[in-house]
């Protein structure tokens, strides 16, 4: 089965490029609300499941033991732009656990945010692991390990207690087996496990509602959602889709991007979880598709009928500032 | 008709992302040698046809009037990385025509090459139109206008004599009508016209052989191919696919990338033209697909059976330098 077109890129009135993909929207009982394309094929969720990967940090009591703030909890589920506030917040988390950046095993890379990257260049500084877009997640892993009395060394390995706890939470929440045969190594060196979109959507329906989770896990999920809604900057960064979207929609919509065109989210008031994968891995397609999908599902605010406009269709301008085309959600998604 | 998968991205042994597209390989008589997917649908060729857009510059005698060197001719068909040598060469072309960078209408952007962009930052310099990846093409347009006695002002407009000459050459070489209804504005503000891949492939078969072109145009095409083969750095830049590929294959294969997943090329010894469009616009897919396609078509060098290996499959490493996957040409292309 070929997946439908989720997003189109236009130029001069014709469609120049097309992005196919699949979408699953599921309620917390696992009933399909909406399905486009092949939602049974395993996909690597990558960073789109960071909110689920952070559950053990809260459930274990480690977050409270070290007094992590909502901003720090939001950073623990982020793919941040490596801006100064992100890096400082990650370092602050590590210090609360009595550690520093030297124990991070995610590797260093130039900040994802161009302004942050250029600032480092201008100041003649090299990026550190704190600038890695996953440093908040890794700082959370370190806090979890320290809070539960584990040695942090090798915490990125599949057999380390940190990753075993993370995998356990992912399996329980999504209901899908996370197997070695369907595993890969993520950009930040932790394992990632391919599971069907349908299972990811179920996981996020549960994450958004608490239904089907134990009371401790449900409370952890609620705290993460609240922390992100209060700190949307922490989860992505200046100008980024996730940040702008949650600044606008607050607790009504939790969304989280992942590499290679994955997007997960939940609409707590409807009890829905959403999982989306663009076949070709293009982030530009997943953003407009996710926005259009949520617009289709979520009852409109009485005060803002065009709240989704800046998210569901993006103007492309050329180097002289002339509009040359658009990236827009395709009909299959808009419904 | 859904287009076949041209390239796959793997992670941990499974396919994480897929890129679909279409391919036309045609000989100079227009006979189909190989066809994958829909090769009749009009696609914007973008920068992949810069070699054809430069034909009037040579045919008109303007290139000789200003004494353009092979390096400058290569730059006129480039999408360069905005490195110092590229910017200087573009400026040199403009000066030969008695002009400077102020007459460029392509707009300024940060160099496509990361090292070049960071160098400007470190030196506190702002990018100029000379750093625009199209500045060589635009310098060629200026030389054409000055060499033929036209006012350069507004040379990017569809009705300016420069663009009329360019469109005329494109129509004659590809045999396809270039219509307003199927036009758009390119990144550098000149018009781009959507035409079928089959027509683009025919254009490049003619460009590679001279068959079906008048003697003056055939000579211009040969000079452009020779200039690029001698100066592969000029057509792209440090580490770029087109540069590395033509450094390796010289005059045996001319290839030129375009935005949004278009690739054109010619194999003169076989008389074939190639045109490829990745549906989703991904450059990473077009590069491995083009390499695998040429490997399939071109008789192997006796001395180097694995000459294509570094081009047809690319290793993906994460921030710790661990190999996490590959980008590779799919079976439909490898044959």
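Chains as they are written, first to last, in the numbering used here: chain A, 1 to 335; chain B, 1001 to 1335.
Backbone N, C-alpha and C define an ideal beta-carbon position, used for all residues, glycine too.
For residue 1212 of chain B, which residues of its own chain have a beta-carbon under 7 Å away from its beta-carbon, when the five flanking residues on both sides are left out? In the second chain, the residue the question calls residue 1212 of chain B occupies position 212. Exclusion of the five residues before and after residue 1212 of chain B leaves 1028, 1206 as the residues of its chain whose Cβ lies within less than 7 Å of its Cβ.
So for residue 1064 of chain B, helix, strand or coil by DSSP? Sequence index remark: in the second chain, residue 1064 of chain B carries index 64 (1-based). In this structure, residue 1064 of chain B counts as helix in the three-state DSSP scheme.
Report the three-state DSSP secondary structure of residue 1397 of chain B (helix, strand or coil). Absent from the model: residue 1397 of chain B. The displayed extent of chain B is 1001 to 1335, so no value can be given.
Consider the Cβ of residue 1171 of chain B: report whether some Cβ of chain A lies at a distance smaller than 7 Å. Numbered from 1 along the second chain, position 171 holds the residue referred to as residue 1171 of chain B. It does not: the Cβ of residue 1171 of chain B has no partner Cβ on chain A nearer than 7 Å.
Give a yes or no on contact between the region 1277-1293 of chain B and the region 1008-1021 of chain B, applying the rule of three or more CB pairs nearer than 8 Å. yes
Sequence-distant residues of the same chain with beta carbon closer than 8 Å to residue 1163 of chain B, five excluded per side: Position 163 of the second chain holds residue 1163 of chain B. For residue 1163 of chain B, where only same-chain residues beyond five positions count, the Cβ hits under 8 Å are 1155, 1156, 1157, 1190, 1191.
Can you check whether the CB of residue 326 of chain A is closer than 7 Å to the CB of residue 336 of chain A? There is no way to answer for residue 336 of chain A, as the model of chain A reaches only from 1 to 335.
Determine, using beta-carbon pairs with one atom in the region 1266-1276 of chain B and one in the region 1085-1097 of chain B, whether at least three such pairs fall under 8 Å. no
When DSSP labels each residue in this structure, what does residue 1027 of chain B get in the three-state scheme? The residue labelled residue 1027 of chain B in the question sits at position 27 within the second chain. DSSP places residue 1027 of chain B in strand when its eight states are reduced to three.
Could you work out which residue in B:1328, B:1033, B:1132, B:1042 is closest to residue 1180 of chain B when comparing CA atoms only? Position 180 of the second chain, counted from the start, is the residue given in the question as residue 1180 of chain B. Here the closest residue by C-alpha is B:1042.
Determine the direct distance from the alpha carbon of residue 267 of chain A to that of residue 89 of chain A, and round the result to whole angstroms. Stepping through the first chain from its first residue, residue 89 of chain A is reached at position 89. Stepping through the first chain from its first residue, residue 267 of chain A is reached at position 267. Cα-Cα distance, rounded: 28 Å.
Relative to the C-alpha of residue 1173 of chain B, which candidate in B:1243, B:1221, B:1124, B:1074 has its C-alpha closest? Position 173 of the second chain, counting from 1, holds the residue named residue 1173 of chain B. Of the listed residues, the one whose Cα sits closest to residue 1173 of chain B is B:1221.
Exposure of residue 58 of chain A, with buried meaning 16 or more beta-carbon neighbours within 10 Å: In the first chain, counting from the first residue as 1, residue 58 of chain A sits at position 58. Residue 58 of chain A should be labelled buried.
Which residues share a DSSP beta bridge with residue 1193 of chain B? Sequence index remark: in the second chain, residue 1193 of chain B carries index 193 (1-based). Beta-bridge pairing links residue 1193 of chain B to B:1183.
Taking the straight line between their C-alpha atoms, what separation do you get for residue 308 of chain A and residue 300 of chain A? Within the first chain, numbered from 1, the residue matching residue 308 of chain A stands at position 308. Within the first chain, numbered from 1, the residue matching residue 300 of chain A stands at position 300. Rounded to whole angstroms, residue 308 of chain A to residue 300 of chain A spans 10 Å at the Cα level.
Alpha carbon to alpha carbon, how far is residue 86 of chain A from residue 136 of chain A? Numbered from its first residue, the first chain carries residue 86 of chain A at position 86. Numbered from its first residue, the first chain carries residue 136 of chain A at position 136. The straight-line gap from Cα to Cα measures roughly 8 Å.
Quick one: what's got a C-beta closer than 6 Å to residue 1251 of chain B's C-beta in the same chain, skipping five residues either side? Here residue 1251 of chain B refers to the residue found at position 251 of the second chain. Hits under 6 Å: 1229.
Please report the residue range of the beta strand (DSSP E) in which residue 1036 of chain B lies. Indexing the second chain from 1 puts residue 1036 of chain B at position 36. Unbroken beta strand (DSSP E) run through residue 1036 of chain B: 1032-1036.
Nearest to residue 1262 of chain B by alpha carbon, out of B:1310, B:1280, B:1247? Translated into positions along the second chain, residue 1262 of chain B becomes position 262. Of the listed residues, the one whose Cα sits closest to residue 1262 of chain B is B:1280.
Provide the residue span of the alpha helix (DSSP H) that contains residue 311 of chain A, from first to last. Sequence index remark: in the first chain, residue 311 of chain A carries index 311 (1-based). Looking at the DSSP string, the run of the alpha helix (DSSP H) that includes residue 311 of chain A is 309-312.
Cα-Cα separation, residue 78 of chain A to residue 23 of chain A: Residue 78 of chain A sits at position 78 when you count from the first residue of the first chain. Residue 23 of chain A sits at position 23 when you count from the first residue of the first chain. When rounded, the distance between both Cα atoms is 22 Å.
Members of the region 1080-1112 of chain B near chain A, C-beta cut-off 8 Å: 1105, 1106, 1107, 1108, 1109
Please report the straight-line C-alpha distance between residue 1103 of chain B and residue 1193 of chain B, rounded to a whole angstrom. Locating residue 1103 of chain B in the second chain gives position 103, where the first residue counts as 1. Locating residue 1193 of chain B in the second chain gives position 193, where the first residue counts as 1. Computed Cα separation, rounded: 24 Å.
Anything in chain A within Cβ reach of residue 1038 of chain B, meaning under 9 Å, just list it in chain order. Position 38 of the second chain holds residue 1038 of chain B. Within 9 Å Cβ-Cβ: nothing; residue 1038 of chain B doesn't reach chain A, min ~11 Å.
Evaluate residue 76 of chain A with the Cβ neighbour count: other Cβ atoms within 10 Å of its Cβ, from every protein chain shown; 16 or more gives buried, anything less gives exposed. Residue mapping note: residue 76 of chain A aligns to position 76 of the first chain, counting from 1. Residue 76 of chain A comes out buried.
Using only the alpha-carbon positions, how far apart do residue 1323 of chain B and residue 185 of chain A sit? Locating residue 1323 of chain B in the second chain gives position 323, where the first residue counts as 1. Locating residue 185 of chain A in the first chain gives position 185, where the first residue counts as 1. A direct Cα-to-Cα measurement between residue 1323 of chain B and residue 185 of chain A gives close to 8 Å.
Measuring alpha carbon to alpha carbon, tell me which of B:1099, B:1198, B:1091 ends up nearest residue 1071 of chain B. As a first step, residue 1071 of chain B is located in the second chain; it is residue number 71 there, counting from the start. The residue with the shortest Cα to Cα distance from residue 1071 of chain B is B:1091.
If you measure from the beta carbon of residue 1018 of chain B to each beta carbon in chain A, is any gap under 7 Å? For the purposes of this step, residue 1018 of chain B is taken as residue 18 along the second chain, with counting starting at 1. Output row for residue 1018 of chain B: interface = yes.
Nearest to residue 952 of chain B by alpha carbon, out of B:1065, B:1178, B:1101, B:1319? This structure cannot settle anything about residue 952 of chain B, because the visible part of chain B is limited to 1001 through 1335.
Taking the alpha carbon of residue 187 of chain A as the reference point, which residue from A:30, A:114, A:167, A:258 has its own alpha carbon closest? Within the first chain, residue 187 of chain A is the residue found at index 187, counting from 1. When only C-alpha atoms are compared, the closest one is A:258.
Return the CA-CA distance between residue 1099 of chain B and residue 1153 of chain B, expressed in angstroms with no decimal places. By 1-based counting over the second chain, the position of residue 1099 of chain B is 99. By 1-based counting over the second chain, the position of residue 1153 of chain B is 153. Answer to the nearest angstrom: the Cα atoms are 12 Å apart.
With a threshold of 7 Å between beta-carbons, can residue 328 of chain A be considered close to chain B, or not? In the first chain, counting from the first residue as 1, residue 328 of chain A sits at position 328. No, its Cβ sits nowhere closer than 7 Å to a Cβ of chain B.
Test item: CB-CB of residue 319 of chain A and residue 1107 of chain B under 7 Å: The residue given as residue 319 of chain A occupies position 319 in the first chain. The residue given as residue 1107 of chain B occupies position 107 in the second chain. Their beta carbons are under 7 Å apart, which means residue 319 of chain A touches residue 1107 of chain B by this criterion.
Is residue 966 of chain B helix, strand or coil by DSSP? Only positions 1001 to 1335 of chain B appear in this structure, which leaves residue 966 of chain B out of reach.
Whose CA, out of A:329, A:260, A:165, A:227, lies closest to the CA of residue 290 of chain A? Your numbering for residue 290 of chain A matches position 290 in the first chain. Comparing Cα positions, the closest option is A:329.
If the criterion is Cβ atoms closer than 7 Å, does the pair residue 1101 of chain B and residue 1130 of chain B meet it? Against the second chain, residue 1101 of chain B aligns to sequence position 101. Against the second chain, residue 1130 of chain B aligns to sequence position 130. Going by C-beta atoms, residue 1101 of chain B is nearer than 7 Å to residue 1130 of chain B.
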